[in-house]
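Counting from 1, position 348 in the sequence shown corresponds to residue 350 in our numbering; the numbering is continuous, with no gaps.
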Amino acid sequence: MKRILQIAWVTGITLAAILTIKLAINTTEESTAELLDIAPFIEELKQESDQLFVDLSPIGFDQTSHTEALALRKDRWYILGLTNNTLTYWNSNKVGIDSQVLSSKHYPALFRFGDDIYTIFKKSSTTYFAFRLANDGQLHPRLRKYSSAFSNKQLAQEELPAELTSFILPFQTKKRTQRAFLNLALLASFAFLFLALWHAWERSLLRYVASAAVISVNILTYFYVHLSLSDYFLIAAESVEYMNALQLNVTLYVHLASIVASGLLLFSLIELLPKTLHAFLLSISLLFLADFFLDLSAHIVRRSAIPFDFEKLFNLSSTSFAALGFICLTFIALSLLVHYTQIAHLLKEGTWLAVIAGIFTFTLFQYWDASRSLVSLFPPALLIGLYLFINTSVKRPRWRIYAYFILTALLTASIIAENHEERNEETARKYAIRLVNNEDPRAETILQTFENQLAQEFLVPEDYENFVARKEIIESRLKHLYFSNYLEKYELKLLSFSPEGSTINGSSLYSL
């Protein structure tokens, strides 16, 4: 074990040194912007769009799905169709586009939509083609390969004008990606955290050094990523929403290591206080920590860009499982800290009044200062109580591990299930508002088309009485629509009405 500890120290110190050097280099690096003309590349795209228009005109540009259109989307070619001067077709996964771009006096034209840059080609009064030149400053591979001048460049987004009226745009040499730094910071954090936990178990003074090193790595990461204080440390409520999934996951793990290290430092210092004050401060600290972990986990599921649809296994990625692992680790870390504090032994030594005072202080502070309801303060107290029960009642270490495993699994599953359902309801509500306010004309067109199809196929007199028997047939058609890319974000409910206007399927809503 001594050799493993030595390797961990050498690894952690080496990684910390590399991070410091990378931070110093990143601070002194300045990439100056230069203006480059993309007009020749736009002309090449124009000729290609002319040929595509000729090839696709016999098919038309008003269907909800074309294999040709989907294939073009992979090459970042997009088809835009108009009906009565309203955008009704776009073979993209975007929610909408500013129709003002379709009223330009000159084509081709550049258009900025979110973090994307498009060039728009007008093919007819109702059909436009668009090509995505850049995403988040990163150039399309065709543009990078078009000329050596673009091979190692990215758009200087902070230099881009508000109105893109010229094909001469500011470019800069590609900046180094943050991924390597974040991965090294993650490794360094957990190397030092391992040392902090080991030396804390041995009650060695090196636990202070290792814990301080974990916190230092987190501070280095903060200065490197150039995020605001509130965004990096997730202080602002919307911080989780705006951070990309990969960066959020790594940042969360680095923060978790720092929280555990800070807890070890804090609890080690509290141990030096008198027994009654020791128990009082420990109970408050553990309750705040449990409340923080529960709230953070729920917030990540509800608000982040990370997909959590483990029920349907829809749109999941590696970031989903990384976030799932983080939620599990938060409760494992909490159980370790509860065990480390030995608060169960303090309770046996007659510190019940101090612990009750700590619970009362926590509740009073959250109720008056944070306007929390008493019901919302019950879960953290219950969780700490369960950990204490396991520590005191389950004697055999193996069974204690099993108990912690089951509790962690139940907590994680319940948090994801409950908050993902709220997330779905909130998303459905937002899209429903858009639909009711006539802000999604493409969806309206699709639904109107499908409504007519349903009427032709099913709304004949005998079907009113036989609706339940034919329900599965109707729902299968709706499911086909529901899983057809664009409308997957809407929740569809099926009702049938009699000629008198009353529902004939009772109070049951057939929901997909």
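The beta carbon of each residue, even a glycine, is placed where N, CA and C say it ideally should be. Quick caveat: nothing in here was measured; it's all calculated off a predicted structure.
Report the three-state DSSP secondary structure of residue i (helix, strand or coil).
i, result
"Y389", "helix"
"Y109", "coil"
"K397", "coil"
"Q156", "strand"
"P381", "helix"
"E36", "strand"
"S510", "Residue placement at S510 is flagged as unreliable, the pLDDT there being 46, under the threshold of 50; a coordinate-derived value is accordingly withheld."
"R134", "strand"
"R436", "helix"
"T85", "strand"
"T353", "coil"
"R181", "helix"
"P42", "helix"
"L141", "strand"
"I308", "coil"
"Q344", "coil"
"F333", "helix"
"T278", "helix"
"F169", "coil"
"D515", "A query on residue 515 cannot be resolved here, the shown segment of the chain reaching from 3 to 514 and no further."
Between residue i and the rest of its own chain, which residues show a CB-CB distance below 8 Å, the 5 nearest in sequence each way excluded?
i, result
"K155", "L38, L141, R146, F173, Q174, T175 and K176"
"L266", "A198, L199, A202, R209, S213, L339 and Y342"
"S270", "A202, R209 and Y210"
Quick check on the burial criterion: 16 or more other C-beta atoms within 10 angstroms. Buried or exposed for residue i?
i, result
"F131", "buried"
"W401", "exposed"
"P399", "exposed"
"G352", "exposed"
"G387", "exposed"
"K371", "Here residue 371 is Asp; the residue named in the question, Lys, does not match the sequence. Exposed, because fewer than 16 other Cβ atoms sit within 10 Å of the Cβ of D371."
"H228", "exposed"
"I81", "buried"
"Y120", "buried"
"Y516", "Outside the displayed range of the chain (3 to 514) lies residue 516, so it cannot be described from this structure."
"F407", "exposed"
"F323", "exposed"
"F225", "exposed"
"H347", "exposed"
"V219", "buried"
"V12", "exposed"
Output the distance between the C-alpha atoms of residue i and residue j, rounded to the nearest integer angstrom.
i, j, result
"T363", "F282", "9 Å"
"I435", "F294", "33 Å"
"L390", "L413", "16 Å"
"L384", "F196", "28 Å"
"Q344", "K24", "40 Å"
"L188", "T167", "43 Å"
"S260", "A26", "22 Å"
"I44", "S373", "57 Å"
"L376", "L296", "15 Å"
"L336", "R78", "46 Å"
"S59", "S127", "13 Å"
"L449", "R75", "23 Å"
"L7", "F194", "10 Å"
"D57", "N86", "24 Å"
"F518", "F367", "Nothing in the structure corresponds to residue 518, since the chain is present only between 3 and 514."
"L519", "I9", "Here the chain has residues from 3 to 514 only, and residue 519 is not among them."
"I418", "F113", "38 Å"
"A190", "G14", "5 Å"
"A19", "T365", "43 Å"
"L186", "P42", "41 Å"
"N440", "F310", "29 Å"
"K107", "E165", "14 Å"
"Q159", "S150", "20 Å"
Within a Cβ cutoff of 7 Å, which residues of the same chain sit near residue i, ignoring the five residues on either side of it in sequence?
i, result
"V242", "L236, L250, H301, I302, R305 and S306"
"Y109", "I122, F123 and K124"
"T321", "A247, L248, N251 and I308"
"I217", "S260, A263 and S264"
"V396", "R402 and A405"
"A359", "F282"
"L361", "Before going on, a small fix: residue 361 reads as Ile here, not Leu. Around I361: S285, L289 and A383."
"A215", "G14, A18 and F194"
Beta-carbon of residue i versus every beta-carbon of chain D: anything under 8 Å?
i, result
"A411", "Of the protein chains in this structure there is only one, and it is not chain D."
Going by beta carbon distance, what residues of the same chain come within less than 6 Å of residue i, once the five residues before and after it are set aside?
i, result
"D138", "D117"
"F333", "T410 and L413"
"E161", "A35 and P172"
"R425", "R304"
Is residue i near the ligand FAD, judged by its Cβ being under 7 Å from some heavy atom?
i, result
"L254", "In the structure shown, the ligand FAD is absent, as is every other ligand, since no ligand is present at all."
Which whole runs of the alpha helix (DSSP H) in the stretch 204-276 are 4 residues long or more, in chain order? 208-227, 231-234, 241-244 and 247-272
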